[in-house]
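Contents: one structure, followed by commentary.
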Amino acid sequence: MTLKMHNTLSGVIEPLTTTRDGEVGLYVCGATVYDRCHVGHARSFVFFDMLVRYLRLAGWRVRFVRNITDVDDKIIRRASDEGIAAKALAERYIETFRRDVAALGCVAPDAEPRATEHLPEMIAMIGALVANGLAYPADGDVYFAVGAFPGYGKLSKRKLDELQAGARVEVDERKRDALDFALWKAAKPGEPFWESPWGPGRPGWHLECSAMSVKYLGQPFDLHGGGEDLIFPHHENEIAQSEGAARRPFVRHWLHHAFVRINDEKMSKSLGNFFTIEEILKNLPSEALRLFLVGTHYRSPLDFAEQGLADAARACARIHETMARLDEALGAGPAFGAGPALGAGPGGSGADARPAGELPVAVRRYRDEFTAAMDDDLNSPRALGALFDEIREINRLLDAGEREALAAHRRNFTELAGILGVLRSPARRYVEEEKGRHLSASGIDPAEIERLIAERTAARKARDFRRADEIRDQLLARGIALKDGAEGTSWSTLS
RNA sequence: GGCGGCGUACCCAAGUGGUUAAGGGAGAGGUCUGCAAAACCUCGAUGCAGCGGUUCGAAUCCGCUCGCCGCCUCCA
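Now the structure itself:
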């Protein structure tokens with residue numbers, strides 16, 4: 005099996021092929037830091053995190069680059085509204101961005117370039133475009149001449165004349181064509197600026213990704229992605245810039261994910277119908293949010309709903325409870341996350357790098373179904389199905405006291421769930437943290453619970469089941485469930 | 001107007017020509033338990049928005065109809 009993914013450029017699902025054997029260069033359009041990140045951004049972060057993890061599992065050496073746009077019109081406007089420097093505003097939201105991404109448990113990119121640190125590269129690219137006759141200066145601005153670039157529209161499947169007919173961009177006297185876009189914007193008084201051959205100004209918003217992706221990954225490079233709203237004009241313009249400047253192909257494979265919606269509308273800043281990552285994670289474990297996000301295929305719109313989050317939280321708890329049970333049965337075992345990864349291969353073509361592993365067939369089948377699903381255009385909902393099949397199997401084995409395959413299941417399941425960003429910490433800790441979350445929300449004192457359990461244990465010993473049941477029902481009414489086991493009574497919170 | 005997408009059980013969601021339409025959540029019955037909880041087992045769409053058509057065979061292909069969304073302007 006080889007990994008196949010939808011390529012926006014070709015419009016079909018095709019195998020991932022790369023410039024260099026066994027290596028993948030991936031560039032993702034990250035955040036423009038002018039506000040906090042919302043669940044829509046979370047979908048992007050989580051999707052590409054899953055992609056990077058899966059590529060590595062499959063044996064690819066991945067170079068993952070995600071940019072930060074730290075200068076643009078919105079940052080400048082916002083900063084001036086607040087009466088602070090653009091740089092200060094950007095720094096503030098870089099902080100919240102970092103916190104959000106970390107809270108979601110995403111792997112760090114190998115490079116995280118910022119626009120303001122790559123002015124020389126961008127200016128050089130503009131120079132090349134002017135020299136190639138694809139850009140022209142006008143009053144301190146520099147524009148890309150869309151009509152002079154033959155392939156314009158190939159990513160978004162648009163024709164130049166159709167675009168012109170439907171153009172909603174405001175007419176600007178300095179542009180030769182309404183569709184021409186700014187590579188360099190002359191600074192107005194009070195705006196941040198850099199010196200350039202065309203005068204003081206700042207880069208246009210498409211330029212940074214062209215310049216930085218190529219700097220860190222070469223040209224052409226393998227994979228470039230982002231939300232589907234970036235297809236036009238952002239990525240279309242990136243192609244025009246990079247291919248126009250270097251006169252060779254830019255990117256082999258384009259990946260775009262669909263939006264998060266709320267009440268049948270796109271969740272977005274402009275509509276004001278968004279939930280920030282931070283506020284969602286106040287009431288929900290981040291692994292549950294991730295489970296919710298990967299529960300829908302990346303190219304389908306995802307409806308954000310309370311019920312969906314609650315369902316995901318239940319499912320997430322079930323995974324952790326099973327794994328906690330497994331840990332208990334096997335003993336502490338190897339330290340969490342220790343030991344060689346089963347999927348770590350020697351590189352090669354990537355596709356064939358998965359070692360057979362030393363997994364018993366009974367475990368192997370779940371792994372095979374998981375990888376088959378992921379190889380099929382990153383079908384995480386189907387992969388998740390395989391994971392739950394394995395959960396049921398593990399519980400069945402635990403119930404039956406069949407221990408032979410358990411260790412293999414634990415290694416396999418932990419690794420695969422990790423691809424989806426679940427089970428990133430020991431299951432026991434998750435269960436305890438959830439307990440703590442519910443307790444502090446309900447205001448119940450654990451000591452009181454212990455006292456009531458002791459009283460109930462005494463009542464049970466005296467076979468006073470009426471009193472025992474009364475205590476259990478009381479606690480249940482307050483969201484505490486009791487569980488009588490061989491070693492006494494334990495309790496848990498209900499979500 | 002141009003381009004693209006969606007409508008599958010109570011809710012979420014896989015499945016894009018061929019055995020019994022994955023999986024999760026909720027629900028019902030059972031096993032276990034003093035009773036429970038958890039877990040496990042069983043059940044649950046003879047049907048995939050509607051209507052036609054192609055085919056030996058369609059949720060899956062084609063046409064029409066209805067409902068909904070995205071991009072074409074900043075946006076993950």
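Using my numbering, read the first sequence as starting at 5 and increasing by one per residue. Ideal Cβ positions, reconstructed from N, Cα and C, are used throughout, including at glycine.
Option in R206, F185 and D184 with minimal Cα separation from A193
Numbered from its first residue, the first sequence carries residue 193 at position 189. First, the amino acid is wrong: residue 193 is Pro here, not Ala. Looking at the Cα atoms, R206 is the closest of the given residues.
K192 (DSSP reduced to helix, strand or coil):
Looking up residue 192 in the first sequence gives position 188. In this structure, K192 counts as coil in the three-state DSSP scheme.
Are D145 and A190 touching if we call contact CB-CB under 9 angstroms?
Your numbering for residue 145 matches position 141 in the first sequence. Your numbering for residue 190 matches position 186 in the first sequence. Yes, Cβ-Cβ distance for D145 and A190 is below 9 angstroms.
Indicate whether the contact test is met: 3 or more Cβ pairs, each with one atom in the stretch 25-33 and one in the stretch 50-70, closer than 8 angstroms.
By the C-beta criterion, the stretch 25-33 is judged to be in contact with the stretch 50-70, since at least 3 inter-stretch pairs fall below 8 angstroms.
Who are the near neighbours of K8 in its chain, counting only those whose CB is closer than 8 angstroms to its CB and skipping five residues on each side?
Within the first sequence, numbered from 1, the residue matching residue 8 stands at position 4. For K8, where only same-chain residues beyond five positions count, the Cβ hits under 8 angstroms are I17, E18, P19, L20, D379, D380 and D381.
Mind checking which residues open and close the beta strand (DSSP E) that includes R67?
Within the first sequence, numbered from 1, the residue matching residue 67 stands at position 63. Note, R67: beta strand (DSSP E), R65 to T73.
With a threshold of 6 angstroms on Cβ separation, who are the neighbours of A249 within its own chain once the five nearest residues in sequence on each side are excluded?
In the first sequence, the residue the question calls residue 249 occupies position 245. Counting only Cβ-Cβ distances below 6 angstroms, and skipping sequence neighbours, we find M129, A132 and L133.
Backbone secondary structure at P237 - three-state DSSP:
Counting from one through the first sequence, the residue named residue 237 turns up at place 233. DSSP places P237 in helix when its eight states are reduced to three.
Is it the case that the stretch 442-450 contacts the stretch 288-296, given that we only count it when at least three CB pairs across the two stretches are under 8 angstroms?
At 8 angstroms Cβ cutoff, the stretches do not touch.
Hey, quick one: how far does the alpha helix (DSSP H) through L61 stretch, first residue to last?
Within the first sequence, the letter at position 57 stands for residue 61. Following the DSSP letters along the chain, one finds L61 inside the alpha helix (DSSP H) bounded by residues V43 to L61.
Ordered along the chain, which non-local residues of its own chain (more than five positions away) have a Cβ less than 6 angstroms from that of P141?
By one-based count along the first sequence, residue 141 stands at place 137. Excluding sequence neighbours, P141 sits near W202.
Grab me the residues of R251's own chain with a C-beta within less than 8 angstroms of its C-beta, minus the 5 sequence neighbours each way, in chain order.
Taking the first residue of the first sequence as position 1, residue 251 is located at position 247. Taken in chain order, the residues that qualify are N136.
Between which residues of its own chain and K219 is the CB-CB distance below 8 angstroms, once the five residues before and five after are set aside?
Within the first sequence, numbered from 1, the residue matching residue 219 stands at position 215. Here the set comprises P117, H122 and E125.
How long is the line joining the alpha carbons of F49 and E212, rounded to whole angstroms?
Translated into the one-based positions of the first sequence, residue 49 becomes position 45. Translated into the one-based positions of the first sequence, residue 212 becomes position 208. Those two C-alpha atoms are separated by around 20 angstroms.
According to the neighbour-count rule (16 or more other Cβ atoms, all chains shown, within 10 Å of its Cβ), is N287 buried or exposed?
Taking the first residue of the first sequence as 1, we reach residue 287 at position 283. That one is exposed.
So, for I266: in the same chain, excluding its five sequence neighbours on each side, which residues have a beta-carbon less than 6 angstroms away from its beta-carbon?
Reading the first sequence from its first residue, position 262 is the one you call residue 266. Spatial neighbours of I266 in its own chain (CB-CB distance under 6 angstroms, excluding positions within 5 residues in sequence) are listed in chain order as N277 and F308.
Output needed for S14: all residues of its chain with C-beta closer than 6 angstroms, excluding positions within five of it in sequence on either side, in chain order.
As a working mapping, residue 14 is identified with position 10 in the first sequence. Answer for S14: no residue qualifies.
Once DSSP output is grouped into helix, strand and coil, what is the label at T280?
For the purposes of this step, residue 280 is identified with residue 276 of the first sequence, where counting begins at 1. Strand.
Tell me the start and end of each unbroken alpha helix (DSSP H) in the stretch 405-439 that is at least 4 residues and wholly inside, in chain order.
Within the stretch 405-439, the complete alpha helix (DSSP H) runs of at least 4 residues fall at 410-423.
Indicate the three-state DSSP secondary structure (helix, strand or coil) for F254 in the structure shown.
By one-based count along the first sequence, residue 254 stands at place 250. In the three-state reduction of the DSSP assignment, F254 falls in the coil class.
Span separating the alpha-carbon of A139 from that of E177
To locate residue 139, count along the first sequence from 1; it is residue 135. To locate residue 177, count along the first sequence from 1; it is residue 173. The straight-line gap from Cα to Cα measures roughly 16 angstroms.
Y147, DSSP secondary structure in three states:
Locating residue 147 in the first sequence gives position 143, counting from the first residue. In the three-state reduction of the DSSP assignment, Y147 falls in the strand class.
T12 - DSSP class collapsed to helix/strand/coil:
Here residue 12 corresponds to residue number 8 of the first sequence, with the count starting at 1. Three-state result, T12: coil.
Which of the three DSSP states, helix, strand or coil, is assigned to V37?
To locate residue 37, count along the first sequence from 1; it is residue 33. In the structure shown, V37 adopts coil according to DSSP, grouped into three states.
Nearest to E95 by alpha carbon, out of Y147, R57 and V37?
To locate residue 95, count along the first sequence from 1; it is residue 91. When only C-alpha atoms are compared, the closest one is V37.
Roughly how many angstroms lie between the CA atoms of A71 and R482, to the nearest whole one?
Numbered from its first residue, the first sequence carries residue 71 at position 67. Numbered from its first residue, the first sequence carries residue 482 at position 478. Residue identity check: residue 71 is Asn in the sequence provided, not Ala. Taking the straight line joining both Cα atoms gives about 47 angstroms.
Between the Cα of A186 and the Cα atoms of L498, N241 and G222, which residue gives the shortest distance?
Taking the first sequence and counting its residues from 1, the one referred to as residue 186 is at position 182. The candidate whose alpha carbon is nearest that of A186 is N241.
Under a Cβ-count criterion, where at least 16 other Cβ atoms within 10 Å of its own Cβ denotes burial, should E419 be classed as buried or exposed?
In the first sequence, counting from the first residue as 1, residue 419 sits at position 415. Counting of Cβ neighbours within 10 angstroms places E419 among the buried residues, the total reaching 16 or more.
On the three-pair Cβ rule with 8 angstroms, is the stretch 452-463 touching the stretch 320-333?
Segments in contact, no.
Do you know how far the Cα of A412 is from the Cα of R432?
As a first step, residue 432 must be located in the first sequence, where it is residue number 428. As a first step, residue 412 must be located in the first sequence, where it is residue number 408. Each residue's Cα considered, the two are about 19 angstroms apart.
Quick one: grab the DSSP three-state call for V111.
As a first step, residue 111 must be located in the first sequence, where it is residue number 107. In this structure, V111 counts as coil in the three-state DSSP scheme.
Nearest CA to the CA of I79: which residue from R180, D114 and W209?
The count along the first sequence starts at 1 and reaches residue 79 at position 75. Selected option, being the one with the closest Cα: W209.
How long is the line joining the alpha carbons of L486 and S494, rounded to whole angstroms?
Taking the first residue of the first sequence as 1, we reach residue 486 at position 482. Taking the first residue of the first sequence as 1, we reach residue 494 at position 490. The C-alpha of S494 is placed about 6 angstroms away from the C-alpha of L486.
Considering only C-alpha positions, which residue in the set H42, L61 and G44 is nearest to L424?
For the purposes of this step, residue 424 is taken as residue 420 along the first sequence, with counting starting at 1. Sorting H42, L61 and G44 by C-alpha distance to the C-alpha of L424 places L61 at the top.
Rounding to the nearest angstrom, what Cα-Cα distance links S429 and K465 in this structure?
Along the first sequence, one-based indexing puts residue 429 at 425. Along the first sequence, one-based indexing puts residue 465 at 461. Between S429 and K465, the C-alpha separation is close to 38 angstroms.
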